[in-house]
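S.K.: In our numbering, the protein residues as written are 1 to 151.
Glycine residues also receive a C-beta, built at the ideal position from the N, C-alpha and C atoms.
All values derive from a computational prediction rather than experimental measurement.
Just passing along the structure, written as structure tokens.
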Amino acid sequence: PQLLVLDEPSSGLDPVVRRDILAAIIRTVADEGRTVLFSSHLLDEVQRVSDSVAMLNQGKVLLCGGMADVQQQHVRFVIRLATPVVETPEIPGALTCIGEQHEWSLLCNGQAEDARRWIQQANAEILEQTAATLEEIFVARVAQARCGSDA
């Protein structure tokens, strides 16, 4: 077939077997120029083997795009504020902002420059900047969707 649908193909397998079987299936199908639709809750696995990703929650598409683009558009910062705050700071472009007082972890949604500007204006220090994992992106997007539906 031109399209192979895999629904939780590695469910119940130990990690070594799961990795080997999944790699073999994907490699074989891809070498033949076929498309694989891979559905899984194991997002580290999805991140490892996928070219494109679509994130669904409650039957709605939260995000869709090439894997490299999705990862490039989501940056995680750990920052240290010069002055401690009690309330969660409202940072432009941040999907999530978790922490307390001086140290906060943010996940930005492609508007990292807006967040960087806010960080600079707040005299905060960027302690760490990394690409977000697919799991972090999914959790942030679902939380954002839930907040939007509560409003």
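Determine the contact status of residue 47 and residue 131, defining contact as a CB-CB distance below 8 Å.
M.R.: Locating residue 47 in the sequence shown gives position 47, where the first residue counts as 1. Locating residue 131 in the sequence shown gives position 131, where the first residue counts as 1. For residue 47 and residue 131, no; Cβs fall outside 8 Å.
S.K.: Residue 136 and residue 80: beta carbons closer than 8 Å?
M.R.: Indexing the sequence shown from 1 puts residue 136 at position 136. Indexing the sequence shown from 1 puts residue 80 at position 80. No, these two residues do not count as a Cβ contact at 8 Å.
S.K.: Classify residue 21 as buried or exposed, calling it buried when 16 or more other Cβ atoms lie within 10 Å of its own Cβ.
M.R.: Mapped onto the sequence shown, residue 21 falls at position 21. Exposed, by the Cβ-count rule.
S.K.: Indicate the three-state DSSP secondary structure (helix, strand or coil) for residue 146 in the structure shown.
M.R.: Position 146 of the sequence shown, counted from the start, is the residue given in the question as residue 146. In this structure, residue 146 counts as helix in the three-state DSSP scheme.
S.K.: Who does residue 7 pair with in a DSSP beta bridge?
M.R.: For the purposes of this step, residue 7 is taken as residue 7 along the sequence shown, with counting starting at 1. Answer is 39.
S.K.: Ordered along the chain, which non-local residues of its own chain (more than five positions away) have a Cβ less than 6 Å from that of residue 57?
M.R.: The sequence position of residue 57 within the sequence shown is 57, counting from 1. Result list for residue 57: 142 and 145, in chain order.
S.K.: So, using beta-carbon positions, are residue 78 and residue 105 closer together than 8 Å?
M.R.: In the sequence shown, counting from the first residue as 1, residue 78 sits at position 78. In the sequence shown, counting from the first residue as 1, residue 105 sits at position 105. Their beta carbons are under 8 Å apart, which means residue 78 touches residue 105 by this criterion.
S.K.: Helix, strand or coil: which one does DSSP assign to residue 45?
M.R.: If you number the sequence shown from 1, residue 45 lands on position 45. It is helical.
S.K.: Just to confirm my understanding: we take residue 127, look at its own chain, exclude 5 residues before and 5 after, and list those with CB closer than 7 Å. What are they?
M.R.: Translated into the one-based positions of the sequence shown, residue 127 becomes position 127. These residues qualify, in order along the chain: 78, 79 and 80.
S.K.: If we count the other Cβ atoms within 10 Å of its Cβ and call it buried at 16 or more, is residue 53 buried or exposed?
M.R.: Locating residue 53 in the sequence shown gives position 53, counting from the first residue. Classification for residue 53: buried.
S.K.: Cutting at 6 Å between CB atoms, please list the residues of its own chain near residue 88, excluding the five before and the five after it.
M.R.: Within the sequence shown, numbered from 1, the residue matching residue 88 stands at position 88. Excluding positions up to five away in sequence, the list reads 97.
S.K.: Could you tell me which residues DSSP puts in a beta bridge with residue 63?
M.R.: Counted from its first residue, the sequence shown places residue 63 at position 63. Partner(s): 55.
S.K.: Using beta-carbon positions only, say whether residue 124 and residue 82 come within less than 8 Å of one another.
M.R.: For the purposes of this step, residue 124 is identified with residue 124 of the sequence shown, where counting begins at 1. For the purposes of this step, residue 82 is identified with residue 82 of the sequence shown, where counting begins at 1. Cβ distance < 8 Å, so residue 124 and residue 82 count as in contact.
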